[in-house]
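Novice: Encoded as structure tokens, here's the structure I'll be asking about.
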């Protein structure tokens, strides 16, 4: 029984090998030569008469490649006959005129001085985007001060809220602008340090936040300043130098030291960076009090708080009225608006008697 099965398997295997290595019949001219697809009679198997079956994949080159015959009447759809029958025609392409010269010549280099540099226009207006960026930058170093309902509301017959900026560490709103000004400096300038002069809220804010940011800070003060005032700056961590008898002497000495040692001399100015920091108070007011009608802002001496607050409030709601208040006997802002030119030196005005009198600033929301 095993011998009969072995004989049958051997005959079957011999037949399979003979069919596998038998030469393939030539193709007719009307047949397509595709090595990846077998003809219909090869796919049908041995059960169909007149067909053959080949086991396994067809290797590359098993079926011979025959030359493709092209009929002349069909050449009109394809092009010239010699190109399709295998003849190669070489066409020489020549670039003439200006393009040929441009390809042969190396590119011309231009000097830096030949380029026309268009200077960027200076920032003339404080944008709300600057104030929003300042609010994000100083949020970890400045606390959000409360804006509380005041008992003055019954006295004046309206709802009055007070924005308590005196709760900052140095007791001044100028911490907002000073911190953003210091945080915007380059790393190289922060490493060298900054220097301020005179005893004012801005100098105190710079001294405090510069030490917090690990920036070397120098404070130049007149020799007439009292010891308790000098101790305040030293307690902040600043290096205090007494020089001169007036504020102008200390300022000139501070500028000289800054130029000689590479320090950055800071003073309260109208730069967009400083005003953007002050403008963050306007954003907080708008967030803390709903249905805002008017905002009253102090504008005595420096106008940065008024400008920054107005820029933020007016962008958020143009219907809100922003009012700046200054002493009647010292109307620098009013005179500047009338003459269309800022007053440079407020200390030259002889009428300064109102600074010793009583005054009340109210923030109306």
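Numbering (our numbering), first residue to last: 1471 to 1835.
We treat Cβ as the ideally placed atom computed from N, Cα and C, and that holds for glycine.
As the structure is a prediction and not an experimental result, all values here were calculated from the model.
(1) Strictly by DSSP, which residues pair up with residue 1617?
(2) By DSSP's criteria, residue 1709 is part of a beta bridge. Which residues make up the other side?
(3) Given residue 1728, which residues of its chain have a CB within under 8 Å of its CB, disregarding the five upstream and five downstream residues?
(4) Is residue 1716 buried or exposed, if buried means 16 or more other CB atoms sit within 10 Å of its CB?
(5) Taking DSSP as the reference, what is the three-state secondary structure of residue 1676?
(6) Between which residues of its own chain and residue 1618 is the CB-CB distance below 8 Å, once the five residues before and five after are set aside?
(7) Whether or not the stretch 1774-1788 and the stretch 1742-1751 are in contact is what I'm after, with contact meaning three or more pairs of Cβ atoms, one per stretch, closer than 8 Å; do they touch?
(8) Give me the DSSP bridge partner(s) of residue 1664.
(9) Got a sec? Which residues, its chain only, sit under 6 Å from residue 1713 by beta carbon, not counting five neighbours each side?
(10) Please report how far the alpha carbon of residue 1800 lies from the alpha carbon of residue 1661, in whole angstroms.
(11) Secondary structure at residue 1790, three-state DSSP: helix, strand or coil?
(12) Going by DSSP, what residue range makes up the alpha helix (DSSP H) through residue 1603?
(13) Let's see if you can read the secondary structure: which residues bound the beta strand (DSSP E) around residue 1764?
(14) Compare the Cα-Cα distances from residue 1752 to each of 1695, 1740, 1788 and 1739 and report the closest residue.
(15) Based on Cα-Cα distance, which residue from 1629, 1676, 1624 and 1755 lies nearest to residue 1837?
(16) Between residue 1671 and the rest of its own chain, which residues show a CB-CB distance below 6 Å, the 5 nearest in sequence each way excluded?
(17) My assumption, with CB atoms under 8 Å, is that residue 1766 sits in contact with residue 1755. Please give the rounded CB distance.
(18) Cα-Cα, which of 1682, 1659, 1725 and 1769 is closest to residue 1668?
(19) Rounded to a whole number of angstroms, what is the C-alpha to C-alpha distance between residue 1681 and residue 1706?
(20) Given a cut-off of 8 Å on the beta-carbon distance, is the pair residue 1773 and residue 1647 in contact?
(21) Among residues of its own chain, excluding the 5 on either side of residue 1615, which ones have a beta-carbon nearer than 6 Å to its beta-carbon?
(22) Could you please give the first and the last residue of the uninterrupted alpha helix (DSSP H) stretch that includes residue 1743?
(23) Please go through the same chain and pick out, in chain order, the residues whose beta-carbon is closer than 6 Å to the beta-carbon of residue 1674, but skip the five residues on each side of it.
(24) Are the CB atoms of residue 1796 and residue 1770 nearer to each other than 8 Å?
(25) Could you pull the DSSP bridge partners for residue 1681 from this structure?
(26) Using DSSP's beta-bridge definition, name the partner residues of residue 1643.
Specialist: Straight from the coordinates:
(1) When DSSP reads this structure, residue 1617 sits in a beta bridge with 1633.
(2) According to DSSP, residue 1709 shares a beta bridge with 1688.
(3) Excluding residues within five positions, the ones whose Cβ falls inside 8 Å are 1665, 1734 and 1735.
(4) When all chains shown are included, residue 1716 counts as exposed.
(5) Looking at residue 1676 - three-state DSSP - the assignment turns out to be helix.
(6) Contacts found: 1631, 1632 and 1634.
(7) Touching, per the Cβ criterion.
(8) DSSP lists 1687 and 1734 as partners of residue 1664.
(9) The beta carbon of residue 1713 sits closer than 6 Å to those of 1690, 1720 and 1723, all from its chain and outside the five residues before and after it, given in chain order.
(10) Each residue's Cα considered, the two are about 40 Å apart.
(11) Reduced to three states, the DSSP call for residue 1790 is coil.
(12) Element bounds for residue 1603: 1598-1607.
(13) Residue 1764 -> beta strand (DSSP E) spans 1764-1768.
(14) Closest option to residue 1752, Cα to Cα, is 1788.
(15) Nothing can be reported for residue 1837, as the shown portion of the chain is limited to 1471 through 1835.
(16) Around residue 1671, the same chain offers 1642 and 1644 as residues with beta carbons nearer than 6 Å, after the five sequence neighbours per side are excluded.
(17) Beta-carbon to beta-carbon, residue 1766 and residue 1755 are separated by about 11 Å, too far to satisfy the 8 Å threshold.
(18) For residue 1668, the nearest C-alpha among the options comes from 1725.
(19) In this structure, the CA atom of residue 1681 is about 7 Å from the CA atom of residue 1706.
(20) Contact flag unset, no.
(21) Result list for residue 1615: 1634, 1635 and 1637, in chain order.
(22) Going by DSSP, residue 1743 is part of the alpha helix (DSSP H) stretching over 1742-1758.
(23) Around residue 1674: 1640.
(24) Going by C-beta atoms, residue 1796 is nearer than 8 Å to residue 1770.
(25) For residue 1681, which the question treats as bridged, DSSP gives no partner whatsoever.
(26) The partner list for residue 1643 (beta bridge, DSSP) is empty, contrary to what the question assumes.
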